[in-house]
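Working notes for the structure below.
Residue numbers (my numbering): 56 to 305.
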């Protein structure tokens, strides 16, 4: 049987180390809202700092119902705003490279242009890897309600009744399918194409070597720290983060 345990790299690169540290802090920061226990004041303050990595950074004054901005800003608007911000971030990475940077660099050095494109893809993959559990947690929480006598309120923002939250829940459905379900499916497809043993066997030797190097630069953070026979282990890590950050809230 294949060994399911990751193959630890004794010298992880900064990319791998930063993803591991940020993932650890995100999971610990989510415990403040996931487990309703009387945390010690010092630990609560520390977890609140970690919570910034889960985008729990809405200033209290923005939620003040005494002003127009406070009445219009609630969990639904904040969640959809974060989702749009994430999409614009990815679009900004690729559009700025394709339309602004690449045309100027390609005329000077084609190899540098290809390396720059690989770095853009790598940056986008890292953003998705870090922000996926956060976005999934916020989107799933948009459908979590709590009962108060005869009232049904949104648990994350009790100012919204279930009827008030319904338009935002409907608006969040495309993001839920695209991010909560679509991003892991896309990651699995990328791993099948780039990391699965034998995926490039049909290519010629020179082309195979070129593609292996290019895929390693672009997507290596998803599989290079694991043994080849468990190239899919990143999917286990994604499920683990989703369980600890999002699903345990239910």
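From the three backbone atoms N, C-alpha and C, an ideal C-beta is built for every residue, glycine too.
A quick note: this is a predicted structure, and the numbers were derived from the prediction, not measured.
The beta-carbon separation of residue 180 and residue 277, rounded to 7 Å, stays under the 8 Å limit for a contact. Residue state for residue 212 is assigned as strand, using DSSP reduced to three classes.
In the pairwise beta carbon analysis, the region 125 to 140 is classified as touching the region 214 to 224: at least three pairs are separated by under 8 Å.
At a Cβ-Cβ threshold of 8 Å, residue 197 and residue 227 count as neighbours. Residue 229 places its beta carbon 8 Å or farther from that of residue 296.
Counting the other Cβ atoms within 10 Å of the Cβ of residue 247 gives fewer than 16, which makes it exposed. Each residue's CA atom was taken as its position, placing residue 244 and residue 250 some 10 Å apart. Residue 207 is bridged by DSSP to 202.
In this structure, the alpha-carbon of residue 255 lies about 26 Å from that of residue 149. Pairing residue 233 with residue 183 gives a Cβ-Cβ distance that is not under 8 Å. Relative to residue 173, the option among 292, 290 and 274 whose CA is nearest is 274.
When the beta-carbon positions are compared, residue 235 and residue 195 come within less than 8 Å of each other. Straight-line spacing of the CA atoms in residue 191 and residue 286 works out to 23 Å.
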